[in-house]
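Undergrad:
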Amino acid sequence: MSETRKQLLRFVVIGCTAVLIDLGMYTLLTGAGLGTSLAKGLAYLTGMIFGFIGNKFWTFESSSRSMREPMLYLTLYTCSLGVNVAVNSLVLAFLGAEWKLFAFLTATGVSTVMNFVGLKWVTFRNRGSEPISESALDEPLPVMMQGD
Numbered sequence: 001m002s003e004t005r006k007q008l009l010r011f012v013v014i015g016c017t018a019v020l021i022d023l024g025m026y027t028l029l030t031g032a033g034l035g036t037s038l039a040k041g042l043a044y045l046t047g048m049i050f051g052f053i054g055n056k057f058w059t060f061e062s063s064s065r066s067m068r069e070p071m072l073y074l075t076l077y078t079c080s081l082g083v084n085v086a087v088n089s090l091v092l093a094f095l096g097a098e099w100k101l102f103a104f105l106t107a108t109g110v111s112t113v114m115n116f117v118g119l120k121w122v123t124f125r126n127r128g129s130e131p132i133s134e135s136a137l138d139e140p141l142p143v144m145m146q147g148d
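Position 23, counted from 1, in the sequence shown is what UniProt numbering calls 23; the numbers after and before it change by one each time, with no gaps.
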């Protein structure tokens with residue numbers, strides 16, 4: 001199996017698991033009496049954190065300890081959310097409200113492709129051959145020692 005195909009399969013597994021975590025947390029939090037908007041925000045954030053960790057260490061097997069990856073991940077997923085909403089809105093504007101499921105699936109498909117490409121070739125690309133940058137985002141994360 002090619003490296004990209006293996007990564008794509010793992011990306012799908014991580015993504016589906018992140019959605020299940022999102023749903024589970026949302027159900028748990030709303031069941032505990034939290035308002036739906038706050039519960040959804042916290043649930044989505046939980047799924048997103050799982051997605052970052054799973055994609056970093058399992059899908060793309062990154063060993064980087066810099067802040068660059070989480071910053072790029074957050075930027076990518078923020079842009080992806082905007083694209084998802086825009087595509088959904090455009091499909092509904094052109095085809096009408098009765099195409100709601102098609103609009104949702106189209107928007108999800110576009111943002112999924114965008115996320116995989118962005119993670120593979122931007123966020124978690126192999127930087128081993130690049131010169132060391134002086135940017136603060138390239139600095140390793142501090143390791144906390146016991147007693148600190």
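The C-beta atom is built at its ideal place from N, Cα and C for all residues, glycine as well.
Would L29 and L42 qualify as a contact pair, given that the criterion is a beta-carbon distance under 8 Å?
TA: Translated into positions along the sequence shown, residue 29 becomes position 29. Translated into positions along the sequence shown, residue 42 becomes position 42. For L29 and L42, yes; Cβs fall inside 8 Å.
Undergrad: In terms of residue numbering, what span does the alpha helix (DSSP H) encompassing S89 cover?
TA: Stepping through the sequence shown from its first residue, residue 89 is reached at position 89. It spans R68 to L95 - the alpha helix (DSSP H) in which S89 sits, taken as one unbroken run.
Undergrad: Can you tell me the Cβ-Cβ gap for S62 and E69, rounded? I've got them flagged as a contact below 8 Å.
TA: Numbered from its first residue, the sequence shown carries residue 62 at position 62. Numbered from its first residue, the sequence shown carries residue 69 at position 69. At roughly 6 Å, the Cβ-Cβ gap stays under 8 Å, so S62 and E69 are in contact.
Undergrad: Kindly confirm or deny that the region 100-116 and the region 71-81 touch, where touching means at least three C-beta pairs closer than 8 Å.
TA: Contact between the region 100-116 and the region 71-81 is present, because at least three Cβ pairs lie under 8 Å.
Undergrad: By Cβ distance below 8 Å, which residues in the same chain neighbour T4 in space, the five residues on each side in sequence not counted?
TA: Residue mapping note: residue 4 aligns to position 4 of the sequence shown, counting from 1. Within the same chain, T4 has close Cβ partners K120.
Undergrad: Note down, in chain order, each residue of its chain lying with its Cβ closer than 8 Å to the Cβ of residue 219, except the 5 sequence neighbours on either side.
TA: There is no way to answer for residue 219, as the model of the chain reaches only from 1 to 148.
Undergrad: Note down the Cα distance separating R125 from A107, rounded to an integer number of angstroms.
TA: One-based indexing of the sequence shown puts residue 125 at position 125. One-based indexing of the sequence shown puts residue 107 at position 107. Those two C-alpha atoms are separated by around 25 Å.
Undergrad: Specify whether the region 29-38 and the region 81-101 touch according to this definition: at least 3 beta carbon pairs, one from each stretch, less than 8 Å apart.
TA: Judged by Cβ distances under 8 Å, the region 29-38 makes no contact with the region 81-101, as fewer than three pairs qualify.
Undergrad: If we ignore side chains and look at the alpha-carbon of each, how far apart do N55 and I14 end up?
TA: Indexing the sequence shown from 1 puts residue 55 at position 55. Indexing the sequence shown from 1 puts residue 14 at position 14. In a straight line, the C-alpha of N55 is about 7 Å away from that of I14.
Undergrad: What three-state label does DSSP hand N115 in the structure shown?
TA: Here residue 115 refers to the residue found at position 115 when the sequence shown is read from its first residue. Here N115 sits in helix by DSSP.
Undergrad: Got a sec, what are the start and stop residues for the alpha helix (DSSP H) E3 sits in?
TA: To locate residue 3, count along the sequence shown from 1; it is residue 3. E3 to G31 is the span of the alpha helix (DSSP H), which, as asked, contains E3.
Undergrad: For A18, which residues of its own chain have a beta-carbon under 6 Å away from its beta-carbon, when the five flanking residues on both sides are left out?
TA: By one-based count along the sequence shown, residue 18 stands at place 18. Taken in chain order, the residues that qualify are G47, F50 and G51.
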